[in-house]
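Residue numbers (my numbering), protein chains in the order written: chain A, 8 to 412; chain H, 552 to 630.
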C-alpha cells in the first residue's frame, strides 16, 4: 500500500475532489453531512498515516488519546462550580501537553538524527491547538469540553500536516453551522482560486526554484569552499522556494477548508512586500506568528507588567520579543541554526522598534517618501532572506560538515 | 455609563497620544495606534481603573478594534 503526503501529488487531489463533492452538494442545499465528513477525514488520515507509515498512525492515535484525556481533566477542574483556578494545575497541564512534542524535537539532537517513535507528521500543529485550548479554558473563554468536537478540531484533515493553525472557538462556530448559499458560493469561488494559485506556487514556482535551480547552486557553493557569491544566490533561491512551497501548501489547505465550508485562517499575505520586520511577521506564516503573539508574547508582557518586573515598557517589550522568537527557534528544532534564526528575529524586532521610536521622535528631520518606502521593503526583504539562509542549515553543511550540532 | 466612556477614552489617550472623543470608530489596529504591547497595557489599565478583568484570550482583535467597540465591551462586562 502506498501513502500520500497531503497535497503531494495529483492522485491525492483526485481523491480529494471525489470525496468532497458530496459534502459540497450537501452544503449547497443547507446541510452539513457530519457523519460523512468524519468518514472522509478518516480516509485521508489513513492515506497519510497508514500503509508503510502505520507506526506514525499508532503514534497519532496514542497522542490524541493522551491529549483528549489531559484537556478533559483540566476542563473538569476548571469548569466545575467555584473552581479555584490556581496557577499550578494550569502550568502542569501546559507542560504535560508539550512534553510529547519536546521529546520528538529533542530526540534527533541527542540520538544523532534518529527520529522519536512517538512522532508523526504534524505533531507540532496539533500541539499548538491543544495548548491554546488549555489557555482559553483557563481564561474561562472556552466554557465546555466536548471530546468529539475537540477531536474534529485537532484532526481537521485539510490542515493536519502543517496548519494553518485554527482557533477552537472559530472552528466550532463554522463546524456547527451551514453557511448561507450566497456566502458558500463565494467560499467555493475563493477556495477554487486558492487551490489553483496553490498549483502555480507549489508545482511551478517552487519547482523552478527548489528543484531546477537550487541543486546546481548548492553544488557550486560547496565546491567553491568558503565564501562565494553562490551562497548569496542560494540565499535568494532558497527563500523563494521556501515561500512558494509553503504558501502553495497553505493555499491548498485553506482552499479545501473553504470548499468544506470552514473558513480556515490565511497563512500568508504577500510577505515580501513588508516594510519592516514587524510587518513581515504580520504577513508570513501568520497563524504561527499570531499564535506566538497571542499565547506567548502577550501573556509574557501581561505577566511582566502586572508584576512590574521591568521598570520600562520598552525593556518589557524587548525582553519579550527575544524570549518569544527564541522559543520559536527552539520549536523549529534543536540545532544551532534554528536557535540562531530565532535569536536573529528577536533582535531584529528589538532594532525595528528602536528605529521606529527614533524615527517618530525625529520625524521632522527624517524623510519619509516613496523612495524610502521602497528602500525599506528592499532592506526588509534582504534581512529576511539572510535569516532564511541561517534557517536553511546550509551554512552548517558548508562550514561544519554534514553533522547536526 | 458615561463614566466608562470617559475613562476608556482617557486610557486610550494615554496609550496612543490621540483624543478619540469625536473619533469613536477609528480602527486602532489598522492605523497602527495600538499593537500587542498597547493591547496588554489597555487590558491592565481597564483592570486597574474599571475593575473589569478581561483575559488576554478574550481579546479578539475584530471585536475590540475601535474605541466605540471597546466601550461597548467594557459596559457589557461591567454588568
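All residues carry an ideal CB built from backbone N, CA and C; glycine is no exception.
Amino acids of chain A, ordered along the chain, whose beta-carbon sits closer than 8 Å to that of residue i
i: residue 588/H; result: 308, 320, 323 and 324
Helix, strand or coil at residue i according to DSSP, with G and I counted as helix
i: residue 163/A; result: coil
i: residue 158/A; result: helix
i: residue 592/H; result: helix
i: residue 361/A; result: helix
i: residue 375/A; result: coil
i: residue 88/A; result: coil
i: residue 204/A; result: helix
i: residue 630/H; result: coil
i: residue 269/A; result: coil
i: residue 24/A; result: helix
i: residue 169/A; result: coil
i: residue 237/A; result: helix
i: residue 410/A; result: Confidence at residue 410/A is low in this model, with a pLDDT of 46, below 50, so the placement of that residue is unreliable and no value is reported for it.
i: residue 150/A; result: coil
i: residue 342/A; result: coil
i: residue 93/A; result: coil
i: residue 624/H; result: helix
i: residue 11/A; result: coil
i: residue 231/A; result: coil
i: residue 183/A; result: coil
i: residue 174/A; result: coil
i: residue 348/A; result: helix
i: residue 37/A; result: coil
i: residue 282/A; result: coil
i: residue 64/A; result: helix
i: residue 276/A; result: coil
i: residue 198/A; result: helix
i: residue 44/A; result: helix
i: residue 401/A; result: helix
i: residue 389/A; result: helix
i: residue 353/A; result: helix
i: residue 289/A; result: coil
i: residue 370/A; result: coil
i: residue 16/A; result: coil
Contact set between residue i and chain H, taken where Cβ atoms lie within less than 8 Å
i: residue 143/A; result: 608
i: residue 190/A; result: Here the premise fails: no neighbours, minimum Cβ distance about 17 Å.
Buried or exposed (CB count within 10 angstroms, at least 16 for buried), residue i
i: residue 335/A; result: buried
i: residue 88/A; result: exposed
i: residue 172/A; result: buried
i: residue 218/A; result: exposed
i: residue 253/A; result: buried
i: residue 144/A; result: buried
i: residue 139/A; result: buried
i: residue 318/A; result: exposed
i: residue 36/A; result: exposed
i: residue 365/A; result: exposed
i: residue 559/H; result: buried
i: residue 363/A; result: exposed
i: residue 412/A; result: Note on residue 412/A: pLDDT 39, under 50, position unreliable in the model; no value is reported.
i: residue 225/A; result: buried
i: residue 296/A; result: buried
i: residue 420/A; result: The structure shown does not extend to residue 420/A, since chain A is modelled only from 8 to 412, so the question has no answer here.
i: residue 248/A; result: buried
i: residue 99/A; result: exposed
i: residue 576/H; result: exposed
i: residue 154/A; result: exposed
7 Å Cβ cut-off: residues of chain A touching residue i
i: residue 585/H; result: Per Cβ cutoff of 7 Å: no residues; residue 585/H is ~12 Å from chain A at best.
i: residue 591/H; result: 305, 308, 309 and 312
Contact set between residue i and chain A, taken where Cβ atoms lie within less than 9 Å
i: residue 595/H; result: 309, 312 and 313
Chain H residues whose Cβ lies nearer than 7 Å to that of residue i
i: residue 371/A; result: Going along chain H, no residue has its Cβ under 7 Å from residue 371/A, so there is no contact; the nearest lies around 16 Å.
Per-residue contacts from residue i into chain H (C-beta, under 9 Å)
i: residue 300/A; result: 587
Notebook entry, point to check: At which residue ranges does the segment 291-336 of chain A contain complete beta strand (DSSP E) runs of 3 or more residues, listed in the order of the chain?
Noted result: none
Next item on the list: Taking only beta carbons into account, state which residues of the segment 136-166 of chain A come closer than 9 Å to chain H, listed in chain order.
Entry: 139, 142, 143, 145, 146, 147, 148 and 149
Check: Considering only residues of the segment 556-618 of chain H, which uninterrupted beta strand (DSSP E) runs meet the minimum length of 3 residues and lie entirely inside it, listed in chain order?
Finding: none
Next item on the list: Could you name each continuous beta strand (DSSP E) segment of 3 residues or more that falls completely within the segment 110-134 of chain A, going from the start of the chain to the end?
Entry: none
Next item on the list: Can you give me, in chain order, the residues of the segment 277-293 of chain A that have a beta carbon less than 9 Å from any beta carbon in chain H?
Entry: 285
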